[in-house]
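Residue numbers (full-length UniProt numbering), protein chains in the order written: chain A, 1 to 304; chain B, 1 to 348. All residues carry an ideal CB built from backbone N, CA and C; glycine is no exception. All values reported here derive from a predicted model rather than from experimental measurement. To start, the structure itself, in structure tokens.
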Amino acid sequence: MTLLIEQLINGLQLGTMLFLMASGLTLVFGVMGLINLAHGSFYMVGAYATALVTATTGSFFIGLVAGLAAAAAVGALVELIVIRRLYHRPHLDQVLATFALILIFSEGTRWLFGSSPLWLNPPALLSGSVTLPGGLRYPIYRLMLIAVGVAVAVGMYFLITRTRLGMRIRAGESDREMIGALGVDIARLYTLVFAMGAALAGLAGALVGALQSVQVGMGEPVLILAFVVIVIGGIGSIKGALYGAILVGVVDTLGRVFLPLFFRQFMSPSEAAGVGSAIAAMLIYILMAVILAFKPKGLFAANE
Amino acid sequence: MNKSDTPTLAPQPGLPAPAASWHDRKGLVQIGLLAVLLLVPLAAYFLGHVYYVNLASRITLVAMAAVGLNLAIGYGGMVSFGHAAYFGLGGYVAGISAYHAFDFTPVIGWPVAIPGSDSMLAIWLAAILLCGLLALVIGAISLRTTGVYFIMITLAFAQMIYYFANSWPTYGGEDGLPIYLRNSLPVIDTNDALTFFLICFGGLVLSLALTSRIMKSRFGAALTMARLNDTRLATAGIAPYPIRLVAFVISAMITGLAGALYADLNGFVSPTMLSWHMSGELMVIVILGGVGRLYGPLAGAILFVMMETLLGGLTEYWQLFLGLVLLFVVLFAKHGVMGWLAGRERHE
């Protein structure tokens with residue numbers, strides 16, 4: 001029972017980090033109609049900047065701010081130089097150009113910082129663990145990640161429904177030409193939205209980087225999970241990204257722990273571990289296929 | 001759908017232009033590309049440089065895989081970001097079959113015993129059939145969606161197979177599976193570099209001929225219309241979905257056969273062949289050459305592998321330059337190498 005609760009919290013934590021990635025992706029698609037593979041690169045940029053600044057200043061929180069700022073700045077720069085040429089292009093061109101950006105970012109980072117991972121540890125303040133009701137001991141840092149994810153979700157809800165910028169974003173989703181005609185500077189709005197998405201990805205990269213290692217290519221597995229999330233949730237829908245992220249996070253985490261245990265009931269332990277982990281690796285894709293079989297546009301299809 | 005060739009059919013708008021003839025620039029470029037691909041390894045072989053023969057085999061197989069992908073992306077308008085699944089599955093068919101033939105163990109013991117085989121003919125057949133079957137399942141689900149959804153779903157399915165191969169320990173998991181002895185054919189010696197190159201070259205020419213023939217048939221016309229305007233196709237009484245699905249399956253079969261040969265060329269198959277970088281590279285090759293051009297994948301493969309070999313020899317970070325070239329091609333040179341060499345497609 002404790003194992004189940006612990007894994008549920010782990011799943012929730014993975015889900016909130018996926019939400020940080022997926023909300024940026026889905027926002028960029030919803031507003032600009034752009035599919036951006038290079039989103040994982042911003043995740044990597046955020047983690048690298050945080051690791052470097054933390055190592056020099058000794059403060060994780062200064063590092064985190066630097067990581068956010070760096071990801072946002074790189075995002076804005078990439079939008080100004082490359083991405084804005086792609087808005088009116090077919091999706092194939094967008095995929096290829098952003099694939100090219102991944103190659104440039106990954107190899108550029110490898111060139112600058114080498115192939116070996118950088119170290120980034122959670123701050124001492126958050127490094128202990130607490131006892132949850134029920135006697136389960138759980139790391140504070142992971143709980144904080146969930147709190148950050150929830151705070152971002154709530155913040156985005158207010159940003160989009162209650163602020164002028166949010167109003168423009170919603171207007172941009174439904175009719176680009178019209179808000180341009182009404183005097184909103186679309187080019188600036190797009191740069192802002194893109195940089196915001198990049199900053200969220202950078203935040204996720206920095207926070208997860210402290211749990212895992214900071215290395216080249218770290219953004220790619222997360223990027224593909226984020227794609228699964230937004231396909232399940234409905235591309236363009238932030239609400240869909242939230243539910244999709246939690247669903248994917250929990251299913252993936254529980255599958256990896258419990259499927260090998262399940263197969264051990266009628267198989268030898270080594271076989272069960274092999275079969276269980278192989279099927280667990282496929283589980284969220286099977287989930288996606290099942291959901292799409294019934295709802296080809298995802299659970300919360302936007303722009304219908 | 002009638003798949004038979006109808007030679008009297010007049011060229012229609014939207015159909016690709018007729019294939020190679022001696023009289024136009026495009027025909028000359030196409031024959032020139034094939035001639036270079038055939039003659040350079042021949043010369044290298046007789047001068048004793050086996051390395052260049054194997055390099056040419058690599059170009060040929062990558063080109064063949066891209067010919068398959070081009071049928072889906074270029075002619076069918078189905079932007080599949082998951083063709084590594086078929087390339088890798090073909091590779092694993094060759095690897096797993098050879099593994100069991102080497103061990104004298106069955107591939108499957110139940111419900112029917114299927115023994116391993118080191119016969120290329122059996123492996124090719126199995127690779128084509130299994131890739132077709134996989135594409136039928138993936139395509140049937142993915143083609144219910146369009147646009148970005150299709151791109152992401154094909155990517156996700158390919159990742160599913162990638163992670164499966166990665167975590168399934170029987171066939172090496174993430175370490176991959178070596179093929180100790182190259183699979184064999186009756187009479188001829190596949191271990192000879194030139195002979196193997198000629199087999200690959202034959203495969204490429206066949207897949208080009210098949211694509212050309214398909215696109216000149218009524219089926220090809222329907223596929224073109226499914227890409228340009230599926231409502232009009234439906235109005236003409238032809239459902240677009242089965243047309244797309246059949247094209248998707250054929251596309252996967254060609255890529256899968258290339259994958260089986262590719263594993264034999266390297267004597268090794270690993271999840272790398274299934275990774276999304278592989279899917280990306282195949283797409284890059286199609287785009288570099290020119291989307292929807294019959295010989296585009298060949299031009300793209302020559303350019304890609306040469307860049308990889310030459311830049312890779314100069315710097316470890318050659319993919320940085322690949323990225324810059326690709327970005328330039330996508331942003332500023334939309335018609336690819338074939339557009340530059342052979343002029344724009346008339347009907348595009």
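Open item on the list: Please classify B:Phe219 as buried or exposed, where buried requires at least 16 neighbouring CB atoms within 10 angstroms.
Closed with: The residue labelled residue 219 of chain B in the question sits at position 219 within the second sequence. It is buried - the Cβ of B:Phe219 has at least 16 other Cβ atoms within 10 Å.
Open item on the list: 7 Å is my cut-off, CB to CB: does B:Tyr99 come that close to chain A?
Closed with: For the purposes of this step, residue 99 of chain B is taken as the residue at position 99 of the second sequence. Taking CB atoms only, B:Tyr99 has no neighbour in chain A less than 7 Å away.
Open item on the list: For A:Phe227, would you say it is in contact with chain B, using Cβ-to-Cβ distances shorter than 7 Å as the test?
Closed with: By 1-based counting over the first sequence, the position of residue 227 of chain A is 227. Yes, contact with chain B.
TODO: Could you check if B:Glu281 is buried or exposed, using at least 16 other CB atoms within 10 Å of its CB as the buried criterion?
DONE: Here residue 281 of chain B corresponds to residue number 281 of the second sequence, with the count starting at 1. That one is buried.
- [ ] Mind checking the stretch 269-293 of chain B against chain A and listing, in chain order, the residues whose C-beta falls within less than 8 Å of any C-beta there?
- [x] Taking 8 Å as the Cβ-Cβ cut-off against chain A, the residues of the stretch 269-293 of chain B that qualify are Trp276, Gly280, Met283, Val284, Ile287 and Val291.
TODO: List the residues of chain A that B:Trp340 touches, going by C-beta distances under 8 Å, in chain order.
DONE: Within the second sequence, numbered from 1, the residue matching residue 340 of chain B stands at position 340. Going along chain A, no residue has its Cβ under 8 Å from B:Trp340, so there is no contact; the nearest lies around 17 Å.
Task: Residues sharing a beta bridge with A:Val31, DSSP - done: Looking up residue 31 of chain A in the first sequence gives position 31. Answer by DSSP bridge pairing: none, since A:Val31 is not bridged.
Task: B:Trp124 to B:Ala94 span [Cα, whole Å] - done: For the purposes of this step, residue 124 of chain B is taken as the residue at position 124 of the second sequence. For the purposes of this step, residue 94 of chain B is taken as the residue at position 94 of the second sequence. Roughly 8 Å separates the two Cα atoms.
- [ ] Just the C-alpha distance for B:Ala234 and B:Leu303, rounded to the nearest angstrom, thanks.
- [x] Residue mapping note: residue 234 of chain B aligns to position 234 of the second sequence, counting from 1. Residue mapping note: residue 303 of chain B aligns to position 303 of the second sequence, counting from 1. Going by the C-alpha atoms only, they are around 39 Å apart.
Open item on the list: Please return the same chain residues whose Cβ sits closer than 6 Å to the Cβ of A:Met144, not counting the five positions on each side in sequence.
Closed with: By 1-based counting over the first sequence, the position of residue 144 of chain A is 144. Around A:Met144: Leu126.
Task: Expected contact under 8 Å - CB spacing of A:Leu8 and A:Val250 to nearest Å - done: Here the question's residue 8 of chain A lines up with position 8 in the first sequence. Here the question's residue 250 of chain A lines up with position 250 in the first sequence. Sure, about 7 Å apart at Cβ, within 8 Å.
- [ ] Quick one: give me the first and last residue of the alpha helix (DSSP H) that B:Pro41 is part of.
- [x] Here residue 41 of chain B refers to the residue found at position 41 when the second sequence is read from its first residue. Start and end: Arg25 to Phe46.
TODO: Report yes if the CB atom of A:Val45 is closer than 7 Å to the CB atom of A:Gly202, and no otherwise.
DONE: For the purposes of this step, residue 45 of chain A is taken as the residue at position 45 of the first sequence. For the purposes of this step, residue 202 of chain A is taken as the residue at position 202 of the first sequence. Yes.
- [ ] Output yes or no for whether 7 Å exceeds the beta carbon distance between B:Thr60 and B:Cys200.
- [x] On the second sequence, residue 60 of chain B is found 60 positions in, with the first residue counted as 1. On the second sequence, residue 200 of chain B is found 200 positions in, with the first residue counted as 1. Yes, these two residues count as a Cβ contact at 7 Å.
Open item on the list: Strictly below 7 Å CB to CB, what residues from chain A border B:Phe164?
Closed with: To locate residue 164 of chain B, count along the second sequence from 1; it is residue 164. Against chain A, the beta carbon of B:Phe164 has neighbours under 7 Å at Ala278, Ala281 and Met282, listed in chain order.
TODO: With 9 Å as the C-beta to C-beta threshold (strictly closer), list the residues of the stretch 96-112 of chain A near chain B in chain order.
DONE: Those residues of the stretch 96-112 of chain A that come within reach of chain B (Cβ to Cβ, closer than 9 Å) are Leu96, Ala97, Phe99, Ala100, Leu101, Ile102, Leu103, Ile104, Phe105, Ser106, Glu107, Gly108, Arg110 and Trp111.
Open item on the list: Closer than 8 Å is the cut-off here; do at least three beta carbon pairs connect the stretch 187-200 of chain A with the stretch 12-25 of chain A?
Closed with: Yes, since at least three Cβ pairs between the stretch 187-200 of chain A and the stretch 12-25 of chain A fall closer than 8 Å, the two stretches touch.
- [ ] For the stretch 193-248 of chain B, list the alpha helix (DSSP H) runs that are entirely contained and at least 4 residues long, ordered along the chain.
- [x] 193-216, 218-228 and 230-235
Task: Euclidean distance between Cα positions of A:Leu192 and A:Ala76 - done: Here residue 192 of chain A refers to the residue found at position 192 of the first sequence. Here residue 76 of chain A refers to the residue found at position 76 of the first sequence. Taking the Cα positions, A:Leu192 is about 7 Å away from A:Ala76.
TODO: Could you give the DSSP three-state label for B:Leu177: helix, strand or coil?
DONE: What you label residue 177 of chain B is simply residue 177 of the second sequence in a count that begins at 1. DSSP places B:Leu177 in strand when its eight states are reduced to three.
Task: Contact list for the stretch 73-103 of chain B against chain A, Cβ threshold 8 Å - done: Ile73, Val79 and Phe81
- [ ] Please state whether DSSP places A:Phe194 in a helix, a strand or coil.
- [x] Start at 1 with the first residue of the first sequence, and residue 194 of chain A comes out as number 194. In this structure, A:Phe194 counts as helix in the three-state DSSP scheme.
Open item on the list: If the cut-off is 7 Å on Cβ atoms, which residues from the stretch 128-160 of chain B count as contacting chain A, listed in chain order?
Closed with: Ile141, Arg144, Thr145, Gly147, Val148, Tyr149, Ile151, Met152, Ile153, Leu155, Ala156, Phe157, Gln159 and Met160
- [ ] Identify the continuous alpha helix (DSSP H) that holds A:Thr109 and give its terminal residues.
- [x] Your numbering for residue 109 of chain A matches position 109 in the first sequence. Here the alpha helix (DSSP H) through A:Thr109 covers His91 to Phe113.
TODO: Check whether the stretch 95-110 of chain A touches the stretch 296-312 of chain B, taking contact to mean three or more Cβ pairs, one atom from each stretch, closer than 8 Å.
DONE: no
Open item on the list: Can you look up B:Ile96 in the DSSP assignment and give me helix, strand or coil?
Closed with: The residue given as residue 96 of chain B occupies position 96 in the second sequence. Of the three classes helix, strand and coil, the one that applies to B:Ile96 here is helix, per DSSP.
Open item on the list: Can you tell me where the beta strand (DSSP E) holding B:Tyr51 begins and where it ends?
Closed with: Locating residue 51 of chain B in the second sequence gives position 51, counting from the first residue. Unbroken run through B:Tyr51 is the alpha helix (DSSP H), Val50 to Asn70; no beta strand (DSSP E).
Task: Per-residue contacts from residue 327 of chain A into chain B (C-beta, under 8 Å) - done: No answer is possible for residue 327 of chain A: it lies beyond the span of chain A, which begins at 1 and ends at 304.
Open item on the list: Please classify A:Lys295 as buried or exposed, where buried requires at least 16 neighbouring CB atoms within 10 angstroms.
Closed with: Looking up residue 295 of chain A in the first sequence gives position 295. A:Lys295 should be labelled exposed.
Open item on the list: Which residues of the stretch 305-333 of chain B have a Cβ closer than 7 Å to any Cβ of chain A? Give them in chain order.
Closed with: Tyr317, Gln319, Leu320, Leu322, Gly323, Leu324, Leu326, Leu327, Val330 and Leu331
Open item on the list: Suppose contacts are defined by Cβ-Cβ distances below 7 Å. Is A:Ala206 in contact with A:Gly67 by that definition?
Closed with: On the first sequence, position 206 is the one that residue 206 of chain A refers to. On the first sequence, position 67 is the one that residue 67 of chain A refers to. In this structure, A:Ala206 sits near A:Gly67, with a CB-CB distance shorter than 7 Å.
Open item on the list: Within 10 Å of its beta-carbon, does A:Ile286 have 16 or more other beta-carbons around it, so buried, or fewer, so exposed?
Closed with: Stepping through the first sequence from its first residue, residue 286 of chain A is reached at position 286. When all chains shown are included, A:Ile286 counts as exposed.
Open item on the list: Could you give the first and the last residue of the continuous beta strand (DSSP E) run that contains A:Thr131?
Closed with: Locating residue 131 of chain A in the first sequence gives position 131, counting from the first residue. That run of the beta strand (DSSP E) goes Ser129 to Thr131.
- [ ] Give me the Cβ distance between B:Ser207 and B:Ile254, rounded to the nearest whole Å; I'm assuming they're in contact under 8 Å.
- [x] Taking the first residue of the second sequence as position 1, residue 207 of chain B is located at position 207. Taking the first residue of the second sequence as position 1, residue 254 of chain B is located at position 254. Right, the Cβ-Cβ distance comes to about 5 Å (below 8 Å), so this counts as a contact.
TODO: Pull up the distance between the alpha-carbon of A:Met288 and that of B:Gln159, whole angstroms please.
DONE: Numbered from 1 along the first sequence, position 288 holds the residue referred to as residue 288 of chain A. Numbered from 1 along the second sequence, position 159 holds the residue referred to as residue 159 of chain B. The straight-line gap from Cα to Cα measures roughly 12 Å.
- [ ] Use the C-beta contact count for residue 305 of chain A: other C-beta atoms within 10 angstroms, 16 or more gives buried, fewer gives exposed.
- [x] Limits of chain A in this structure are 1 at one end and 304 at the other, which puts residue 305 of chain A out of reach.
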